[in-house]
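Here the structure comes first, spelled out in structure tokens, and everything after it is commentary.
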Amino acid sequence: MVVDVVMPKMGESIQEGTILQWLKNVGDAIERDEILLEISTDKVDTEVPSPNEGVLKEVLVAVDDVVEVGTVIARIETDASAAAAPATDSAPAEAAPATPAPQPEPTPAAAAPAPAQESTPAPAAAGPATDVVMPKMGESIQEGTILQWLKQPGDMVERDEILLEISTDKVDTEVPSPVAGTLIETLAAEGDVVEVGNIIARIGSGEAAAAPAPAAPAPAAANASADLAAGTSANGQQAVPVPGLAGATDVPRMSGNRFYSPLVRSIAKAEGIAVQELDSITGTGLEGRVTKKDVMSYLENRGSAPAPAPAAAPAPAAAPAETPAPAKQAAAKKAAPAEELDEAAIYRKHGQNIEIVRMDRVRQKIAEHMVMSKHTSPHVTSVAEADVTEIVRLREKTKADFQAKEGIKLTYTPFICRAIVEGVRKFPGINVSIEGKNIIQHKKTNLSFAAALPDGNLIVPVIKDAETLNITGLARSVNDLATRARSKNLKPDETFGGTVTFTNVGSFGTLFGSPVINQPQTAIISAGAFQKRPVVKEVEGNDMILVRTMVYVSITYDHRVIDGALAGQALRAIVDSLENMNEKTVQF
Numbered sequence: 003m004v005v006d007v008v009m010p011k012m013g014e015s016i017q018e019g020t021i022l023q024w025l026k027n028v029g030d031a032i033e034r035d036e037i038l039l040e041i042s043t044d045k046v047d048t049e050v051p052s053p054n055e056g057v058l059k060e061v062l063v064a065v066d067d068v069v070e071v072g073t074v075i076a077r078i079e080t081d082a083s084a085a086a087a088p089a090t091d092s093a094p095a096e097a098a099p100a101t102p103a104p105q106p107e108p109t110p111a112a113a114a115p116a117p118a119q120e121s122t123p124a125p126a127a128a129g130p131a132t133d134v135v136m137p138k139m140g141e142s143i144q145e146g147t148i149l150q151w152l153k154q155p156g157d158m159v160e161r162d163e164i165l166l167e168i169s170t171d172k173v174d175t176e177v178p179s180p181v182a183g184t185l186i187e188t189l190a191a192e193g194d195v196v197e198v199g200n201i202i203a204r205i206g207s208g209e210a211a212a213a214p215a216p217a218a219p220a221p222a223a224a225n226a227s228a229d230l231a232a233g234t235s236a237n238g239q240q241a242v243p244v245p246g247l248a249g250a251t252d253v254p255r256m257s258g259n260r261f262y263s264p265l266v267r268s269i270a271k272a273e274g275i276a277v278q279e280l281d282s283i284t285g286t287g288l289e290g291r292v293t294k295k296d297v298m299s300y301l302e303n304r305g306s307a308p309a310p311a312p313a314a315a316p317a318p319a320a321a322p323a324e325t326p327a328p329a330k331q332a333a334a335k336k337a338a339p340a341e342e343l344d345e346a347a348i349y350r351k352h353g354q355n356i357e358i359v360r361m362d363r364v365r366q367k368i369a370e371h372m373v374m375s376k377h378t379s380p381h382v383t384s385v386a387e388a389d390v391t392e393i394v395r396l397r398e399k400t401k402a403d404f405q406a407k408e409g410i411k412l413t414y415t416p417f418i419c420r421a422i423v424e425g426v427r428k429f430p431g432i433n434v435s436i437e438g439k440n441i442i443q444h445k446k447t448n449l450s451f452a453a454a455l456p457d458g459n460l461i462v463p464v465i466k467d468a469e470t471l472n473i474t475g476l477a478r479s480v481n482d483l484a485t486r487a488r489s490k491n492l493k494p495d496e497t498f499g500g501t502v503t504f505t506n507v508g509s510f511g512t513l514f515g516s517p518v519i520n521q522p523q524t525a526i527i528s529a530g531a532f533q534k535r536p537v538v539k540e541v542e543g544n545d546m547i548l549v550r551t552m553v554y555v556s557i558t559y560d561h562r563v564i565d566g567a568l569a570g571q572a573l574r575a576i577v578d579s580l581e582n583m584n585e586k587t588v589q590f
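Right under this line is the structure:
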């Protein structure tokens, strides 16, 4: 079976990328998630992992080629025996009648000859067909949820016309069509959770296939577990972890520091593998991730002796449906039963003087991200105070002229942002992230900042290259990103790539806070309310009590890579920068 590798979409505004380097050659054996190549876009350079394990069959683009998003750039043969007969790939239309041997492999397709014949128009248009993949919305985002398909199979679409809406941990966004043509088929349903890079639809330049969609549900219903284990689709063209993703709810995405892909979760569910068993499996994928091969190898080594164990595992799994007593599973696993909330039981427990409010999807994502961060990083918070009297005087003196000139209000936020950038410049050890056992030292300061939304949720836009901006530039960026965040007009690439975060806990009078680290970053700085207080100052050798405007500044850091000394030094540098800002030193 041949799997297409496509040029991934790195952001809503990015339509093409440049091939920097192929790390694998034709004929090389590759593992799932192993890096195939490096690409470059206007926004970022990144690596493209293999969507499946197998043998690299062909490379379709050369180094330095500029390739449109969604274009097939390579093909991987997942069946070792099929690699010896590449001719079958060139004539998919004849493969069914000509070679009966491979045909029994996808048994669901053989069980329904009528749909198999109906799907032939799709390969007919598949010559110029373009795959639509789940876009990568951020460096820490590995999957997205299909919210709504705005186009149906058979519909004509224009290039950049919106095909569907998706949701990730960071942002909801629309996915445009990479080309003009006809939507041949959709490979993921609304509500499905799909890994980044998986193919979710196909667009052809000719007329659409009459009914490609029924072919997918038929085999899924007939032999879903076989498809999940093999990672194949009904049409045999690609690995399709997508259709099985919706059911992968019994195993959490995160267990401790470990991420489990939807495909792994689906296999685990089908085979009755508990979370504790998954945690014990040694991962061979990228950053120690557990792959399909790891799970299948584990199942083979189980042997016949541990057979009763899987039988025992489903029993407790079924019990919570009636009795919520066994609550030993992780909080993430509890999310699935919460969908079918027994309101009557809640009212019996708490009485009638309550109101049950369901978490919306964004709040659920925030909750998952916060819990994951706490499980990932040992959080430590240090607090200092800064005398910002001179900043207050400077702002009062210049705010009217600033608003008249720039059209926006001058707040204290850009001053604090500038101080954070200065602190990072002096102590870059806090401007890092962790990838497995590696520390990633970021050379640029991409400053994330928390913005409250009208519905009560939060979003964290990113000011890219913040070290290049003065007070005016920072004020413009903060105002622009915050305004568009509240009106839901942020672009996906404006919410990822942050290296350190600022949150203003003083907006409503809070003195200081101990915020949660924004993964995969390792430091978050907060500032409290500006307050006038009596402060003891030494003036010409004498201690005097003066009224000064003070603010508490805190840094919460990941103690895996940042120690107290480094955090304290960085915090001191931020405070010094704030206290040194005045009419003579600040540049607008």
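So this note's numbering is basically just the index in the sequence shown, starting at one, shifted up by 2. Heads up, the beta-carbon is just placed ideally off N, CA and C, and yes, glycines get one too.
Query                                                                                                         : Result
Secondary structure of Leu-301, DSSP reduced to three states                                                  : helix
Ala-402: first and last residue of the uninterrupted alpha helix (DSSP H) it sits in                          : 391-408
Residues that Ser-169 bridges to, as DSSP identifies them                                                     : Thr-147 and Asp-174
Three-state class that DSSP yields for Met-256 in the structure shown                                         : strand
Gln-533 versus Asp-467 - alpha carbon distance                                                                : 31 angstroms
Under 9 angstroms between C-beta atoms of Lys-153 and Leu-189                                                 : no
Within 9 angstroms, strictly: CB atoms of Thr-20 and Gly-72                                                   : no
Whole-angstrom C-beta distance between Met-9 and Ile-75, which should lie under 8 angstroms                   : 5 angstroms
CB of Val-434 within 9 angstroms of CB of Phe-451, strictly                                                   : no
Range of the contiguous alpha helix (DSSP H) that encloses Val-426                                            : 415-428
Spatially closest choice to Asp-578 from Ile-368, Val-390 and Gly-146, by CA coordinates                      : Val-390
C-alpha gap between Gly-274 and Ile-465, whole angstroms                                                      : 45 angstroms
Cβ contact (3+ pairs, closer than 8 angstroms) linking the segment 25-36 and the segment 506-514              : no
Member of Asp-362, Lys-428, Ala-569 and Arg-488 whose CA lies at the smallest distance from the CA of Pro-456 : Arg-488
Cα-Cα separation between Glu-18 and Val-134, rounded to whole angstroms                                       : 14 angstroms
For Ile-432, the nearest candidate out of Thr-501, Ile-37 and Arg-360 (CA to CA)                              : Thr-501
Residue nearest to Val-61 in terms of C-alpha spacing, selected from Asp-81, Thr-43 and Leu-38                : Leu-38
Beta bridge counterpart(s) of Arg-488 as assigned by DSSP                                                     : Paired residue(s): none; Arg-488 is not in a bridge.
Spatially closest choice to Ile-148 from Glu-160, Leu-165, Arg-535 and Gly-156, by CA coordinates             : Leu-165
DSSP-derived helix/strand/coil call for Met-546                                                               : strand
Contact test: Glu-49 Cβ vs the ligand ADP heavy atom, cutoff 8 angstroms                                      : In terms of ligand content, the structure shown is empty, and the ligand ADP therefore cannot be addressed.
Host beta strand (DSSP E) of Thr-20 (start-end)                                                               : 18-24
Alpha carbon of Ala-535 to alpha carbon of Val-394, nearest angstrom                                          : Reading off the sequence shown, one finds Arg at residue 535, where the question assumed Ala. Their backbone Cα atoms lie some 14 angstroms apart in a straight line.
Same chain, Cβ closer than 7 angstroms to Gly-570, neighbours up to 5 away in sequence not counted            : Ser-384
Distance between Gly-530 and Val-553 (C-alpha atoms, nearest Å)                                               : 6 angstroms
C-alpha distance - Val-563 paired with Ile-576, whole-angstrom precision                                      : 20 angstroms
Simplified DSSP assignment, three categories, for Lys-11                                                      : coil
Contained beta strand (DSSP E) runs [length at least 3] in the segment 425-483, N- to C-terminal order        : 434-437, 440-443 and 449-451
Among Glu-163, Pro-180, Ile-32 and Val-423, nearest to Lys-59 - alpha-carbon criterion                        : Ile-32
Best match in Pro-180, Arg-34, Pro-254 and Leu-573 for proximity to Ala-388 [C-alpha to C-alpha]              : Leu-573
Candidates Phe-504, Asp-495, Gly-499 and Gly-458: closest to Val-480 by CA position                           : Phe-504
Residue range of the alpha helix (DSSP H) that includes Ala-369                                               : 363-378
Where Tyr-349 falls: helix, strand or coil (DSSP)                                                             : helix
Assumed close pair Pro-522, Ile-436 - CB separation to whole angstroms, cut-off 8 angstroms                   : 6 angstroms
Per-residue DSSP class, three states only, for Glu-585                                                        : coil
CB contact flag (Asn-520, Ile-527, <9 angstroms)                                                              : no
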